[in-house]
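Chains A and B supply the protein sequences, listed in that same order. FYI, the numbering for the first sequence is 32 to 110, going by the numbering used here. FYI, the numbering for the second sequence is 138 to 530, going by the numbering used here. Ideal placement from N, C-alpha and C gives every residue a C-beta, glycine not left out. The model shown is predicted, which means the values in this text are computed figures rather than measured ones.
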Amino acid sequence: MTTTDILEKTKSFLAQFISVQVGNDDDLFASGLVNSLFAMQLVLFVEKEFGVKVENDDLDYDNFRTLNAIVGFIQRKMK
Amino acid sequence: MDLELTSQQKQHQEQFRAFVTQEMAPYADQWDQDERIPSEVIQKLANQGYLGAIVPSEYGGPGMDALTFGLLCEEIGGGSASLLSLITVHGMVCQALLKWGTPAQKTQWLPKLATGEVIGGFGLTEPNVGSDAKSIETTATHVDNAYVLNGEKKWISFGQVANLFLIFAQCEGKPSAFLVTRDRPGFSTLPINGLLGFRSAMLAQLLMKDCRIPEDHLVGKIGFGFSHVAGAALDHGRYCVGWGCVGGGQACLDACLYYTGERKQFGGFLKGHQLIQQMIANMITQIKAARLLCYHAAYLKDKGDPSLIMETSIAKYFASQMINQVASDAVQIHGANGCSSDYPVQRYLRDAKIMEIIEGSSQMQQIIIAKSGYQNFLLEKRKARRHDDATQS
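Here's what the structure looks like:
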């Protein structure tokens, strides 16, 4: 799966929760764009869509803070 | 979505029903009056594998699928909402550890939670903090190789008997989750009695005064306590409560179907009166609707679909609203008898109110559900606009 594929799928997912356009490096959590349920929804999305398991050691906001960070995290997990 | 149960699920459902009929239903009113559930009952629940229902076989549990577990919650919820709350909070601790525990935490605690050797408690709510859970005031300070906890938790189901608590505290100003065992110095509990409902759920206040715990008792990472650890646990809790409400609603209906066929007024059985039939018809319809929402949540949960969180919230919201109407009508149908301790419907009504408050109040669910509705509407509008643009160009 290419970086673009992962990015587009993740963008489509985020569009279900965020009403404004977000840049690839915008902070999703600091901006107050998402509610308290979003974090677990994101985890479930990553696991189901890309077949990886998000675990204790992955709990680092740098893995989830921005679109680019999420894509990078998924790529590392898929290796 | 397949709505038909497999033969194995049907078999499990019959076993759950038999357990509730034999071990719970005849005693639930007495437990309610005594404001406690005997430890032997909890042990029986554990021996059946019901307490650690979601713990996978590799940790000694039965590893029930989502729908089978939902059916268990439905049956238990019909017998005793208090005992359902034990399955709920115990399961929330199991769920949090399964998802975010370290390998060592899983190995140490999950086998004990599966057998009931350890009873889990969920410590989020505080005297000053309910729905605004991110604002918890309990603190955890990292000192040497330990965390030192200070603060109070309130309304903790089975806090009187649980011995492994998942406690949420601010650490470095960020919500974080910790495992605290009952035997830690500085940890104590105070029983809470005289509640409207969930009277036999042995609620307690938890007090932590310089309560020192090993640093490897942190669950997840600092700052992820609310969003991820509590998030996983509360989703599980809402799922249990939704199904439990369906069971409670069914218990109300069954009580009314029996009573209206026995009780005569104006020369005929109550079931012959059309205003009674109206209430019965509404009960049947509302219970079925709630059950279908729970089936949908189960289907998504087994698939690991991200939408399960919103759909579980919807199921919990609807089912808890449903049981309040159904239980209120059940008492109405029973008249003065329904207000007395001779009939369980008064307990069902008192317990129903709690269902609207625990694991996210109806109002919190409404806010989330409405926001999601507006977001989906916006998304559909965007899609339509893109489609129009593509067609024109």
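| Within-8 Å CB hit, Gln-106/A to chain B | Numbered from its first residue, the first sequence carries residue 106/A at position 75. For Gln-106/A, the answer is no, since every Cβ of chain B falls outside 8 Å of its Cβ.
| query | Is the CB of Leu-75/A under 8 Å away from at least one CB in chain B? | reply | In the first sequence, the residue the question calls residue 75/A occupies position 44. Chain B contact via Cβ: present.
| C-alpha distance - Lys-40/A paired with Val-102/A, whole-angstrom precision | Locating residue 40/A in the first sequence gives position 9, counting from the first residue. Locating residue 102/A in the first sequence gives position 71, counting from the first residue. Whole-angstrom Cα-Cα distance: 10 Å.
| said: Is there a C-beta anywhere in chain A that falls below 8 Å from the one on Leu-515/B? | reply: Here residue 515/B corresponds to residue number 378 of the second sequence, with the count starting at 1. Chain A contact via Cβ: present.
| query | Okay, do the segment 284–304 of chain B and the segment 322–329 of chain B touch, 3+ Cβ pairs below 8 Å being the bar? | reply | yes
| field | DSSP-derived helix/strand/coil call for Gly-54/A | value | Along the first sequence, one-based indexing puts residue 54/A at 23. Residue state, collapsed to three classes: coil.
| field | Endpoints, the alpha helix (DSSP H) within which Thr-205/B is located | value | One-based indexing of the second sequence puts residue 205/B at position 68. Unbroken alpha helix (DSSP H) run through Thr-205/B: 203–216.
| field | Interface partners of Phe-48/A on chain B, CB under 7 Å | value | The residue given as residue 48/A occupies position 17 in the first sequence. Those within 7 Å of Phe-48/A in chain B are Gln-512.
| request: Look at Leu-234/B and Phe-153/B and say whether their C-beta atoms are less than 8 Å apart. | output: Counting from one through the second sequence, the residue named residue 234/B turns up at place 97. Counting from one through the second sequence, the residue named residue 153/B turns up at place 16. Taking 8 Å as the Cβ cut-off, Leu-234/B and Phe-153/B do not qualify as a contacting pair.
| task | Starting from Leu-316/B, follow the beta strand (DSSP E) in both directions and report where the run begins and ends. | result | The sequence position of residue 316/B within the second sequence is 179, counting from 1. Note, Leu-316/B: beta strand (DSSP E), 311–318.
| task | Taking a Cβ distance cut-off of 7 Å, strictly less, list which residues of the segment 145–166 of chain B are near chain A, in chain order. | result | none
| message | Does Met-229/B come out as helix, strand or coil in the three-state DSSP assignment? | response | Here residue 229/B is taken as the residue at index 92 of the second sequence, counted from 1. Here Met-229/B sits in helix by DSSP.
| request: Return the residues of the segment 360–387 of chain B that lie within a Cβ-Cβ distance of less than 8 Å from chain A, sorted by chain order. | output: Gly-360, Phe-361, Phe-363, Ser-364, His-365, Gly-368, Ala-369, Asp-372
| message | Nearest by alpha-carbon distance to Arg-484/B: which of Glu-160/B, Ala-165/B, Gln-150/B, Gly-186/B is it? | response | Here residue 484/B is taken as the residue at index 347 of the second sequence, counted from 1. Nearest C-alpha to Arg-484/B: Ala-165/B.
| query | Taking the alpha carbon of Ser-337/B as the point to measure from, which residue in Asp-281/B, Gly-260/B, Ser-222/B has its own alpha carbon closest? | reply | Indexing the second sequence from 1 puts residue 337/B at position 200. Per the Cα distances, Ser-222/B.
| field | Below-8 Å beta-carbon distance, Met-71/A vs any chain B residue | value | Here residue 71/A refers to the residue found at position 40 when the first sequence is read from its first residue. Cβ-Cβ to chain B under 8 Å: yes for Met-71/A.
| query | What beta strand (DSSP E) runs, 3 residues minimum, are completely inside the segment 333–357 of chain B? | reply | If you keep only unbroken beta strand (DSSP E) runs of at least 3 residues inside the segment 333–357 of chain B, you get 341–351.
| query | When the Cβ atoms of the segment 388–404 of chain B are set against those of the segment 268–286 of chain B, are three or more pairs found closer than 8 Å? | reply | no
| query | If we cut at 8 Å on Cβ distances, does Trp-246/B have a partner in chain A? | reply | Locating residue 246/B in the second sequence gives position 109, counting from the first residue. Answer no: the Cβ-Cβ gap between Trp-246/B and chain A never drops below 8 Å.
| field | Nearest-angstrom Cα separation, counted from Thr-97/A out to Phe-156/B | value | As a position in the second sequence, residue 156/B is number 19, starting the count at 1. As a position in the first sequence, residue 97/A is number 66, starting the count at 1. Phe-156/B and Thr-97/A: Cα-Cα distance of roughly 50 Å.
| said: Out of Lys-181/B, Thr-205/B, Gln-242/B, Asp-439/B, which one is the CA nearest neighbour of Leu-316/B? | reply: Residue 316/B sits at position 179 when you count from the first residue of the second sequence. Nearest of Lys-181/B, Thr-205/B, Gln-242/B, Asp-439/B to Leu-316/B, Cα basis: Gln-242/B.
| query | CB Gln-106/A to CB Ile-37/A, shorter than 8 Å? | reply | Sequence index remark: in the first sequence, residue 106/A carries index 75 (1-based). Sequence index remark: in the first sequence, residue 37/A carries index 6 (1-based). Going by C-beta atoms, Gln-106/A is nearer than 8 Å to Ile-37/A.
| request: Evaluate Lys-346/B with the Cβ neighbour count: other Cβ atoms within 10 Å of its Cβ, from every protein chain shown; 16 or more gives buried, anything less gives exposed. | output: The count along the second sequence starts at 1 and reaches residue 346/B at position 209. Lys-346/B should be labelled exposed.
| query | With respect to the alpha helix (DSSP H) encompassing Ser-325/B, which residues constitute its N-terminal and C-terminal limits? | reply | Residue mapping note: residue 325/B aligns to position 188 of the second sequence, counting from 1. Not the alpha helix (DSSP H): Ser-325/B falls in the beta strand (DSSP E), residues 324–328.
| Candidates Gln-150/B, Gly-207/B, Gln-512/B, Trp-237/B: closest to Ala-369/B by CA position | Counting from 1 along the second sequence, the entry for residue 369/B is found at position 232. Selected option, being the one with the closest Cα: Trp-237/B.
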